[in-house]
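In what follows, a single structure is set out as structure tokens and then discussed.
Number of protein chains: 2
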Amino acid sequence: MEPHEPDLTDIPVTIVLAALADDVRLQIVRALAEGGEHACGSFDFGVSKATRSHHLKVLREAGLTRTRAAGTSRLVRLRRDELDRLYPGLLDAVLSTRTPA
Amino acid sequence: MEPHEPDLTDIPVTIVLAALADDVRLQIVRALAEGGEHACGSFDFGVSKATRSHHLKVLREAGLTRTRAAGTSRLVRLRRDELDRLYPGLLDAVLSTRTPA
DNA sequence: ACCCTTGTTCGACAATAATCGAACAACGCC
DNA sequence: GGCGTTGTTCGATTATTGTCGAACAAGGGT
């Protein structure tokens with residue numbers, strides 16, 4: 490089954506904001522904002538792989554990321570263009586902040 | 490005691506995002522974005538006054554609003570200038586969305 | 001002084017969300 | 001086929017958060 494990646498316009502903005510309102514997920518988004526595709530395993534932020542998988546699911550279901558299978562890995566990327574079109578300035582504003590103290 | 494209204498730069502962005510990631514609070518922010526000062530009681534979004542007071546506290550402590558006493562009321566206003574300076578585009582992006590379905 | 005209005009605070013409770021280990025699934029490789 | 005790697009899912013636990021009613025506090029009338 491494909492991981493369901495909803496249409497961004499179907500997602501209430503509160504869901505998007507809630508997805509971004511977590512330190513671990515924000516670190517993931519920061520990493521993804523560097524560009525390109527990242528394997529799930531490349532995000533090591535001090536949580537178990539179960540927790541990491543959970544956070545990636547939250548991001549995906551909030552419409553923030555897309556995922557595709559590649560061998561035994563899964564490659565994740567930020568839906569930057571769509572996000573910037575629907576919420577101009579949001580990602581920039583969030584990413585402009587320094588790493589949380 | 491004065492309600493403590495922190496310096497915006499002291500507040501992790503995740504706190505700001507979490508404050509905005511709630512339907513009731515977002516409706517309050519939308520109303521405040523119309524400009525000017527609003528009495529707490531003017532926000533009737535189907536929750537009790539205890540809950541409303543709680544949400545206003547969350548917004549205040551996240552640095553999104555300022556409150557001043559005026560007689561028996563309290564007047565709340567959005568810290569728009571500061572927010573736009575620190576997070577350019579964030580409020581606009583969030584407020585541009587239509588009322589949640 | 002009394003009361004009404006406006007908010008806040010205090011438990012308490014319910015719902016949501018973060019976290020983990022363990023079990024499971026899919027893939028590639030030897 | 002069997003094994004290691006990479007992720008996901010399940011069930012349980014804990015922490016956080018939204019919600020309310022009731023009690024309280026501060027003001028402004030009259």
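In order, the protein sequence lines correspond to chains A and B.
Counting from 490, one number per residue, gives the positions in the first sequence under the numbering used here.
Counting from 490, one number per residue, gives the positions in the second sequence under the numbering used here.
Glycine is no exception: its CB is placed at the ideal position from the N, C-alpha and C atoms.
Quick check: the stretch 546 to 565 of chain A against the stretch 526 to 534 of chain A, are there 3 or more CB pairs under 8 Å? yes
Using DSSP's beta-bridge definition, name the partner residues of V565(B). H527(B), T556(B)
Can you grab the Cα-Cα spacing for the pair H522(B) / Y576(B), in whole Å? Before going further, note that residue 522(B) is Ala rather than His in the sequence given. Using only the alpha carbons, I get a separation of about 15 Å.
Comparing the C-beta of L521(A) with each C-beta of chain B, is any distance below 8 Å? no
Residue-chain proximity (G578(B), chain A), Cβ-Cβ < 8 Å: yes
In angstroms, rounded to a whole number, what distance separates the CA positions of V505(A) and D499(A)? 11 Å
Is T586(B) near A510(A), with beta carbons less than 8 Å apart? no
Within 8 Å (strictly less), CB to CB, does T556(B) reach chain A? no
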